[in-house]
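K.L.:
Can you read through this structure? Questions will come right after.
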Amino acid sequence: MENLHDKRKIYEKSQLIETEIKENPIEQFRDWFLDASENPSVSEANAMAVSTLEEDGCPRTRMVLLKEYTYEGFIFYTNYDSRKGKAIEKTHKACLHFFWPGLERQIIIKANLEKIAENLSDGYFHSRPKGSQLGAAVSPQSQEIPNRMFLEEKLKVLEQEYENKEVPRPENWGGYIAKPYEIEFWQGRPNRLHDRIIYTLDNFDWKISRLAP
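The sequence shown begins at 1 in the working numbering and counts up one residue at a time.
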């Protein structure tokens, strides 16, 4: 047993005030993402937690890499038959979460999800290292397998099969775009009076509000 009551940090690196933020949350995200990308304390600025709702009513969270963002939304790739993919296809919703401790910042994004066009998934798939392409083809993601050797043997077979050929993108692997309808920006502040600014989509306009910490 370990008592963690005294493990505290003082947050004092920055602030988040209404007069300095962007009117569009994607532009605010871009500014914070660039800060994180350039900060040596952040190893993977595009690493995000993706939470989906499982059939038993319990959320499930895993780390995923953001691969692109536009004014329309946030794009990542996965196996459509994975637990993540199945949950998304059932609810078409997910929550994305970025946490950059070195900047004392986090972003929470609630979004509707849909598959991107197949040609876009093809383009990204074939831009990946060949080993990653083969890994996507080999893994029956989220399914129970007998052991590690099962994957390694399948990989050897595919390495030989596609030694001098292009690896086709598996039909059950591709991208999702998360179209946000709520984005919260959190900036750590002293005395636990953190700044929380939330953007809520109202028809086609973004409403900006401040939440109590």
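The beta-carbon is built from N, C-alpha and C at its ideal position, and this holds for glycine as well. Bear in mind the structure is a predicted one, so any value in this text is a computation, not a measurement.
What did DSSP end up calling Met1 once you bin it into helix, strand or coil?
P.N.:
coil
K.L.:
If you drop the 5 nearest sequence neighbours on each side, which residues of the same chain put their C-beta closer than 7 Å to that of Asp85?
P.N.:
Looking at the sequence provided, one finds Gly at residue 85 rather than Asp. Contacts found: Thr78 and Asn79.
K.L.:
Between Trp100 and Ala36, is the Cβ-Cβ spacing less than 7 Å?
P.N.:
yes
K.L.:
Between Tyr181 and the rest of its own chain, which residues show a CB-CB distance below 8 Å, the 5 nearest in sequence each way excluded?
P.N.:
Lys110, Ala111, Asn112, Thr200 and Leu201.
K.L.:
Give me the Cβ distance between Ile75 and Gly174, rounded to the nearest whole Å; I'm assuming they're in contact under 8 Å.
P.N.:
Not confirmed; about 10 Å, so no contact.
K.L.:
I'd like to check one pair, Gly131 with Ser41: are the Cβ atoms closer than 7 Å?
P.N.:
no
K.L.:
Taking 8 Å as the limit between beta carbons, can you name the residues of its chain near Ser139, skipping five residues before and five after?
P.N.:
Asn79 and Leu151
K.L.:
Where Trp206 and Asn164 are concerned, what is the direct C-alpha to C-alpha distance, given to the nearest angstrom?
P.N.:
50 Å
K.L.:
If contact is defined by three or more beta carbon pairs under 8 Å, each pair taking one atom from either stretch, is the region 53-64 in contact with the region 5-15?
P.N.:
no
K.L.:
Enumerate, from N- to C-terminal direction, the unbroken beta strand (DSSP E) stretches of 3 or more residues contained entirely within the region 35-95.
P.N.:
47-53, 59-65 and 74-79
K.L.:
For the beta strand (DSSP E) that contains Gln15, what are its first and last residues?
P.N.:
Looking at the DSSP string, Gln15 is not in any beta strand (DSSP E), and its letter there is neither H nor E.
K.L.:
Bridge partners of Tyr199, per DSSP?
P.N.:
The partner list for Tyr199 (beta bridge, DSSP) reads Ile183 and Ile208.
K.L.:
What does the alpha-carbon distance come out to for the pair Met63 and Ile88?
P.N.:
15 Å
K.L.:
Measuring only the C-alpha atoms, how far is Phe125 from Gln133?
P.N.:
7 Å
K.L.:
To the nearest angstrom, report how far apart Gln141 and Asn191 are at their CA atoms.
P.N.:
44 Å
K.L.:
Taking the C-alpha atoms as reference points, what is the distance between Glu54 and Ala94?
P.N.:
When rounded, the distance between both Cα atoms is 11 Å.
K.L.:
Tell me which residue opens and which closes the alpha helix (DSSP H) that Arg148 is part of.
P.N.:
Arg148 to Glu161
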